[in-house]
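Written out below as structure tokens is the structure these notes cover.
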Amino acid sequence: MNASSKKVSIFKKRKFRSEEKKDMISGYLYIAPFFIIFALIGLYPALFSIYLAFQKWNGLSPMTFNGLANFELVLTDPLFWKSVYNTIIMGIMGTAPQLVVGLILAYLLNMAFLKFKSYFRVTIFMPYLTSMVAVALIFSVLFSNHESSLANYVLTHFFGLDPIAWAASEWGTKIAISLMVFWRWVGYNTIIYLAGIQSIPNDLYEAATVDGANKAQQLWYITIPMMKPFIILTVFTSTVGAMQLFSEPTVFLGADAFTRDEAMTIVMYLYRDAFRLQSFGTASATAIILLVIITIFALINLRLTQGLGRKKRRVKK
Amino acid sequence: MSDTIRKNRKKISIGRIFVYVFLFITSILSLFPFYWMFVMATRPSAAYNSIPPTLTPGNMLIENFKKVLNEIDFFGGMWNSFVLCAVVTIVVLFISSLAGFAFAKFKFPGKNFLFVAILVTMIIPPQLGLIPQYFLIANANLLDTLPGVMILFFLNPLGIFLMRQYISGAVPDELIEAAKLDGCSNLRIYWRIVLPIILPAFATLGIIVFTAVWGEFLWQFTILRDPETYTIQVALAQLSNTNNIDFGMILSGVFWATVPLLIVFLLFNRLFISSITEGSVK
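Chains as they are written, first to last, in this note's numbering: chain A, 1205 to 1521; chain B, 1236 to 1517.
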């Protein structure tokens, strides 16, 4: 009796062992597809970009080592700096107001008395479903150079201003592109903030009301600090997204996209170097500089948003 | 006393009216470009020059669309986009759920490290590898083909993350143990037990992937140069590249390309909105 039960337990253990091994093999097998594809089209190209950044290559003739010359070429090119400037300006104009308005909208959409909530939510979210190309085309007609374009009509007839060449002036293009970025993304951020607001437990507000805090204080001391993770998330994704702006200006300017410089972004500069000028070395150098720029801006903004609410705690003490 | 209450109520109701007005204006601003796109899509190009601007629909909906058909292969583009998105969505769902299952329910050395590694890949900006990726596709003779576009979209770290979260929450360990005692292989457990449970998460991830790939532009624009293989985004972008710009025609193309997706969205708006929030908040 005793012996047989021992046998069973050994058998069980062995079975368990082999089961464990099987699980291990399955585990590796099941995650393998991602890693195989990643190695091929994610990791290898990323590393090859770094290699290519130090080569001179037109895509056909053999590569020649070029040292830091590509970086020097890019960093001394006024057009590159113009594209950095454009990207930052449009990034700020397109995303900063969007996050503020998104917060306000989410706060309003969460009000208890509000009716037609789902109507407001759906309509405000709808622009996000439109593709970037579609948005850029719609706005290219709304904001065309013509004096009779809707944007110019509003400017001249309602504000008494002069019409603007929206697709051919320094600020016209930037404003039009920032507006389309704003229009497409504000609802998306609103919905994320709304999810954030709804995740705040109600008893926090109840306790604050009992303690005599008014609505403004509740907003400042409860809502905003509790929303911090959501604000950090949206600021991070908007920053990274803004630095990669490409489709909107490219489609908005159409045939002029790679010849004019008013709205050329860093990614457009990269694309132009690579696929219009066949200068793949400098384009790869630009890609690496872009990575550095994105990292810097993401870190700055993370720092800034993480500071949110810190001051308040000090005041509380 | 009753006076102050009444005053308070009045104050609140003014505040409420303000909230409604603000939200109403916002919703109008959100909808207006759609409406205006429809108006322009039904008007001749000349309507564009009229002052004040035309704000009511005309009767050229079909004629403008015919002009679009002369300019680009609209239906071909829609079909290519649909095939692209459908294949990518199915493959991503499969890869992600399988990997998510492994990360949620199996023990193997290096698991946590590999999972973090997948999350780290999310930070790499897609443009970093653009040029080598282009040459990889070119060397594989896949330029101007949909498979050449697809392969990059198969990489979806977010999908693995979402699936792991969902599977570790929704699939009980006991169920897997029980199936193992019954002699089920792991693949069978995945197919017969895990898949049916995670169907709701498939809807979420499916919507995220489909809409993202549908709207993506840079990669499709880079790989597809032959009008025959254009997806709808690349085809639409050509509309503003023609010499004789016809605004009615352009917006007609955009209108017909946007409407199908909008209808699907309006039908399933709750699912869409919750999916896309979940995808970014989790």
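Even for Gly, the Cβ is constructed at its ideal location relative to N, Cα and C.
Ser1235(A) CB to nearest chain B CB: under 8 Å? The sequence as given places Ile at residue 1235(A); Ser does not occur at that position. So, interface residue.
Leaving aside the five residues before and after Trp1387(A) along the sequence, list all residues of the same chain whose C-beta is less than 6 Å from its C-beta, in chain order. Taken in chain order, the residues that qualify are Pro1331.
Count the CB pairs spanning the stretch 1254 to 1265 of chain A and the stretch 1471 to 1487 of chain A that are closer than 8 Å, and state whether there are at least three. Short answer: they touch.
Give me the DSSP bridge partner(s) of Thr1268(A). In the DSSP output, where bridge partners are listed per residue, Thr1268(A) has Lys1260(A).
Am I right that Asp1481(B) and Asp1379(B) are in contact with their C-beta atoms under 8 Å? What's the rounded C-beta distance? About 27 Å; that fails the 8 Å criterion.
Using the Cβ count rule (16 or more neighbours within 10 Å means buried), how would you classify Gly1246(A)? Burial call: buried.
Which runs of the alpha helix (DSSP H) fall wholly inside the stretch 1463 to 1509 of chain A and span at least 4 residues, in chain order? Every unbroken stretch of the alpha helix (DSSP H) spanning 4 or more residues and falling wholly within the stretch 1463 to 1509 of chain A is given here in chain order: 1470 to 1475.
Outcome for Trp1389(A) when other beta-carbon atoms lying within 10 angstroms are tallied against a minimum of 16: Counting Cβ neighbours within 10 Å, Trp1389(A) comes out buried, since at least 16 surround it.
Using a threshold of 8 Å, state whether the C-beta atoms of Gly1488(B) and Ile1395(B) are closer than that. The criterion of a C-beta distance shorter than 8 Å is not satisfied by Gly1488(B) and Ile1395(B).
Report the rounded CA-to-CA distance for Ile1308(A) versus Ile1395(A), giving the unit in angstroms. For Ile1308(A) and Ile1395(A), the distance between alpha carbons rounds to 11 Å.
Specify the secondary structure class of Met1315(A) as computed by DSSP and reduced to three states. For Met1315(A), the three-state secondary structure derived from DSSP is coil.
Hey, how far is the Cα of Leu1341(A) from the Cα of Leu1486(B)? Cα to Cα, the separation comes out at about 7 Å.
Output needed in chain order: residues of the stretch 1285 to 1297 of chain A with a Cβ under 9 Å from some Cβ in chain B. Of all residues in the stretch 1285 to 1297 of chain A, none is placed with a Cβ closer than 9 Å to any Cβ belonging to chain B.
When you compare the CB positions of Thr1277(B) and Met1295(B), do they come within less than 8 Å of one another, or not? Closer than 8 Å, so yes.
Helix, strand or coil at Phe1242(A) according to DSSP, with G and I counted as helix: Residue state, collapsed to three classes: helix.
Coarse secondary structure for Trp1491(B), derived from DSSP in three states: When DSSP states are grouped into helix, strand and coil, Trp1491(B) belongs to the helix group.
Would you give the residue range spanned by the alpha helix (DSSP H) that Thr1324(B) belongs to? Looking at the DSSP string, the run of the alpha helix (DSSP H) that includes Thr1324(B) is Phe1309 to Lys1340.
Take the Cβ of Lys1378(A) as the centre, count every other Cβ of all protein chains shown within 10 Å, and call the residue buried at 16 or more, exposed below. Answer is buried; the Cβ neighbour count reaches 16.
Go ahead and pull the three-state DSSP assignment for Glu1223(A). When DSSP states are grouped into helix, strand and coil, Glu1223(A) belongs to the helix group.
So Phe1347(A) packs on Trp1370(A), CB below 8 Å; how close in whole Å? Indeed, because the Cβ distance is near 4 Å, the residues count as touching under 8 Å.
Neighbourhood of Ser1382(A) by C-beta, 7 Å cutoff - its chain only, sequence neighbours within 5 removed: Excluding the 5 residues flanking it on each side, Ser1382(A) has same chain C-beta neighbours closer than 7 Å at Met1294, Met1297 and Gly1298, in chain order.
Can you name the residues of chain A whose CB is closer than 8 Å to the CB of Pro1287(B)? Proximity of chain A to Pro1287(B) at the Cβ level (cut-off 8 Å) is accounted for by Tyr1357 and His1361, in chain order.
Would you call the CB atoms of Phe1275(A) and Ala1446(A) closer than 8 Å? No; because the gap between Cβ atoms is not below 8 Å, this pair is not in contact.
When we look at the beta-carbon of Leu1390(B) and count the other beta-carbons within 10 Å, is it buried (16 or more) or exposed? Residue burial annotation: Leu1390(B) is buried, with at least 16 other C-beta atoms found within 10 angstroms of its C-beta.
Look up Leu1290(B) in the DSSP assignment and say whether it is helix, strand or coil. Three-state result, Leu1290(B): coil.
For Pro1360(B), which of helix, strand or coil comes out of DSSP? Looking at Pro1360(B) - three-state DSSP - the assignment turns out to be coil, as it is neither helix nor strand.
Taking 8 Å as the CB-CB limit, is Ala1399(A) close to chain B? Ala1399(A) counts as touching chain B.
Tell me whether Val1355(B) is buried or exposed, calling it buried when 16 or more other Cβ atoms sit within 10 Å of its Cβ. Val1355(B) counts as exposed, since fewer than 16 other beta carbons sit within 10 angstroms of its beta carbon.
Is the shortest distance between the beta-carbon of Ser1475(B) and the beta-carbons of chain A less than 8 Å? Chain A, which has a Cβ nearer than 8 Å to the Cβ of Ser1475(B), makes this yes.
Would you tell me roughly how many angstroms separate the C-alpha atoms of Val1444(A) and Phe1501(A), rounded to the nearest one? Each residue's alpha carbon lies about 8 Å from the other.
If you run the structure through DSSP and keep just helix, strand and coil, what is Gln1448(A)? The three-state secondary structure of Gln1448(A), taken from DSSP, is coil.
Within its chain, find whatever has a CB closer than 7 Å to the CB of Trp1454(B); leave out the 5 residues flanking it on each side and keep chain order. Excluding sequence neighbours, Trp1454(B) sits near Val1384 and Leu1387.
Endpoints, alpha helix (DSSP H) assigned at Val1390(A): Here the alpha helix (DSSP H) through Val1390(A) covers Glu1374 to Gln1402.
CB-CB under 6 Å to Lys1321(A), same chain, minus the five flanking residues each way: which ones, in chain order? Listed in chain order, the non-local C-beta contacts of Lys1321(A) below 6 Å within the same chain number zero, local neighbours out to five positions each way being set aside.
Would you say Ala1405(B) and Ile1366(B) are within 8 Å of each other, going by their C-beta atoms? Inclusion of Ala1405(B) and Ile1366(B) in the CB contact set at 8 Å is not warranted, their separation being larger than that value.
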